[in-house]
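Number 819 marks the last residue of the sequence shown (my numbering); no jumps.
Note that CB positions come from ideal geometry on N, CA and C, so glycine has one too.
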Amino acid sequence: MPTDRTLARTLAAHERFLTTGTVADVRPLVAESWRRSLSGGVDPERPTPPVALTEVELHAHREQHPLRHALPVVRGLLLDAAVSEEFLVALTDADGRLLWIAGDARVRRAVEGVGFVEGAAWDERHAGTNAPGTALATGGTVQVRAAEHFSRAVQPWSCTAAVLRDPAGQVLGALDVTGRDGAASLLMLSLVRATATAVESELRARDALHHPAVPAAAGLEVLRPDSGVLHGPGPGARALSLRHAELLLLLAEHPRGLHADELAVLLHPDAMSDVAVRAEVSRLRRVVGPVLAQSRPYRLAGELVTDVATVRASLAAGDVRSALDQYPGPVLPRSRAPGVDRVRESVATDVRAAVLHAADPVLLERWLDRDEGVDDWTAWEQLARLSAPGSVSRARATGRLELLRRRFGLGRPV
406 MPTDRTLART
416 LAAHERFLTT
426 GTVADVRPLV
436 AESWRRSLSG
446 GVDPERPTPP
456 VALTEVELHA
466 HREQHPLRHA
476 LPVVRGLLLD
486 AAVSEEFLVA
496 LTDADGRLLW
506 IAGDARVRRA
516 VEGVGFVEGA
526 AWDERHAGTN
536 APGTALATGG
546 TVQVRAAEHF
556 SRAVQPWSCT
566 AAVLRDPAGQ
576 VLGALDVTGR
586 DGAASLLMLS
596 LVRATATAVE
606 SELRARDALH
616 HPAVPAAAGL
626 EVLRPDSGVL
636 HGPGPGARAL
646 SLRHAELLLL
656 LAEHPRGLHA
666 DELAVLLHPD
676 AMSDVAVRAE
686 VSRLRRVVGP
696 VLAQSRPYRL
706 AGELVTDVAT
716 VRASLAAGDV
726 RSALDQYPGP
736 VLPRSRAPGV
746 DRVRESVATD
756 VRAAVLHAAD
766 PVLLERWLDR
776 DEGVDDWTAW
786 EQLARLSAPG
796 SVSRARATGR
806 LELLRRRFGL
816 GRPV
């Protein structure tokens, strides 16, 4: 719990950061969150985050959200155990929107004044530094104590939050305890962690009950700096040659199958002979066995889940953050096969377009930190426009734009 001296030092650090942009005397996690909050345009004087879900939308969202199954566990471990006295317990979705709030009625009435209400958006982009929002931004368990909050209106409160994930590892939301100083104690940290573990165990048990084990689909990784890796069927993973990774990717992209002459065009800039293609497929069959069907045209025998398809699924769901997490770099970067070039270009273009459309400074910076984004003039321009004046992100963006202007003669002076 913060002492009066610690609280005064943190308040002074917060004021200094807001006036000069210099951050010191706070934990690195808090410093980075303050920078994200400022560069994202959060107003520290704004009293309330926006209510992102209407009452009707909130009800519908709750009814279908997987965390509805977490409520009995949370109630048993936190609420019914009298932990909720002088505290609130909340669950958010993956976007930081508060789905459920329960606990001490007096605390609940008090925090309503700072916008801590069901349906409100408490991600960092809307509410600045806070335990559930910062936990979702970092993917871990977070405590935010009093003046460590970015918004002044929230600084009388403290909180502890942990990210909750589904059995596949995808973020579902966050579990949060909010109150006075005790909400960020070591005991509360242990309780929140234990409850999050119990919630995830319950979700795994329900998943196993409703989805009995079936033979796992094979998986193909092609978003790697080398060639590719095949997971399954059977135990272990197998590193593939570049040509074999190309073949499997192309067959996964064309589930109806490809004839030898079609593969020849997709595999080599000058096309290969049908004989060469058949020889390569024969060698591939010896490596991957049941993954390939015994048929012409060549096709996969069953489902082959590629990491490219996983990125596309996240983009289709509007989850740009997950798509970036799942997209470490270009598709088979060493490949010069025309068919792979098309896949590589389309995936990179889709990820970039989604990042630009999201207009989120945090996502923009993640894109710009990659080799594909380092010289992306449009993305740097957008980051400069979205970042707060005087922020590190704004200075970085304007500096990069000036460098690109000199190097390539692009745009106007910045």
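Residue i (DSSP reduced to helix, strand or coil)
{"i": "residue 566", "result": "strand"}
{"i": "residue 439", "result": "helix"}
{"i": "residue 666", "result": "helix"}
{"i": "residue 711", "result": "strand"}
{"i": "residue 636", "result": "strand"}
{"i": "residue 461", "result": "helix"}
{"i": "residue 731", "result": "helix"}
{"i": "residue 492", "result": "strand"}
{"i": "residue 534", "result": "coil"}
{"i": "residue 413", "result": "helix"}
{"i": "residue 497", "result": "strand"}
{"i": "residue 547", "result": "strand"}
{"i": "residue 429", "result": "coil"}
{"i": "residue 525", "result": "strand"}
{"i": "residue 671", "result": "helix"}
{"i": "residue 620", "result": "The pLDDT assigned to residue 620 is 45, lower than 50, so where the model puts this residue is not dependable, and the model offers no usable value."}
{"i": "residue 705", "result": "strand"}
{"i": "residue 540", "result": "helix"}
{"i": "residue 660", "result": "coil"}
{"i": "residue 470", "result": "coil"}
{"i": "residue 512", "result": "helix"}
{"i": "residue 678", "result": "coil"}
{"i": "residue 604", "result": "helix"}
{"i": "residue 418", "result": "helix"}
{"i": "residue 487", "result": "In this predicted model, residue 487 has a pLDDT of only 44, less than 50, meaning its place in the structure is not dependable; the value taken from the coordinates is given anyway. Residue 487: coil per DSSP, three-state reduction."}
{"i": "residue 722", "result": "coil"}
{"i": "residue 595", "result": "helix"}
{"i": "residue 573", "result": "coil"}
Delimiting residues of the beta strand (DSSP E) encompassing residue i
{"i": "residue 787", "result": "Residue 787 -> not in any beta strand (DSSP E); alpha helix (DSSP H) instead, spanning 782–791."}
{"i": "residue 623", "result": "623–626"}
{"i": "residue 503", "result": "503–508"}
{"i": "residue 643", "result": "642–645"}
{"i": "residue 696", "result": "Taken as a continuous stretch (DSSP letters only), residue 696 belongs to no beta strand (DSSP E), as it is neither H nor E."}
With 16 other Cβ atoms within 10 Å as the buried cut-off, status of residue i
{"i": "residue 675", "result": "exposed"}
{"i": "residue 786", "result": "buried"}
{"i": "residue 813", "result": "exposed"}
{"i": "residue 765", "result": "buried"}
{"i": "residue 726", "result": "buried"}
{"i": "residue 762", "result": "exposed"}
{"i": "residue 811", "result": "exposed"}
{"i": "residue 637", "result": "buried"}
{"i": "residue 417", "result": "exposed"}
{"i": "residue 737", "result": "buried"}
{"i": "residue 477", "result": "exposed"}
{"i": "residue 583", "result": "buried"}
{"i": "residue 457", "result": "buried"}
{"i": "residue 649", "result": "buried"}
{"i": "residue 822", "result": "Nothing in the structure corresponds to residue 822, since the chain is present only between 406 and 819."}
{"i": "residue 781", "result": "buried"}
{"i": "residue 770", "result": "buried"}
{"i": "residue 664", "result": "exposed"}
{"i": "residue 758", "result": "exposed"}
{"i": "residue 494", "result": "buried"}
{"i": "residue 464", "result": "exposed"}
{"i": "residue 728", "result": "buried"}
{"i": "residue 560", "result": "buried"}
{"i": "residue 723", "result": "exposed"}
Residue range of the alpha helix (DSSP H) that includes residue i
{"i": "residue 558", "result": "Run containing residue 558: none; DSSP gives neither H nor E here."}
{"i": "residue 772", "result": "766–773"}
{"i": "residue 584", "result": "Here residue 584 belongs to no alpha helix (DSSP H); instead the beta strand (DSSP E) covers 576–584."}
{"i": "residue 813", "result": "797–813"}
{"i": "residue 456", "result": "First-last for residue 456: undefined, no H or E at that position."}
{"i": "residue 750", "result": "743–763"}
{"i": "residue 477", "result": "476–479"}
Inset, instruction - Decide yes or no for the touch test of the region 710–721 against the region 642–659: beta carbon pairs closer than 8 Å, at least 3 of them. - result: yes
Inset, instruction - Evaluate contact between the region 447–458 and the region 516–530, counting only Cβ atoms and requiring at least three cross-stretch pairs below 8 Å. - result: yes
Legend entry - Segment contact flag, the region 678–686 with the region 743–756, C-beta cutoff 8 Å, min 3 pairs: no
Inset, instruction - Assess, as a yes-or-no matter, whether the region 427–445 is touched by the region 578–588 under the definition of 3 or more beta carbon pairs within less than 8 Å. - result: no
Legend entry - Meets three-Cβ-pair contact criterion under 8 Å: the region 413–424 and the region 547–556: yes
Inset, instruction - Spell out a yes or no on whether the region 529–539 and the region 424–444 are touching, meaning 3 or more CB-CB pairs, one atom from each, closer than 8 Å. - result: yes
Legend entry - contact_flag[the region 533–543, the region 458–475] where n(CB pairs < 8 Å) is 3 or more: no
Legend entry - Three-pair Cβ contact test at 8 Å for the region 504–511 versus the region 591–611: no
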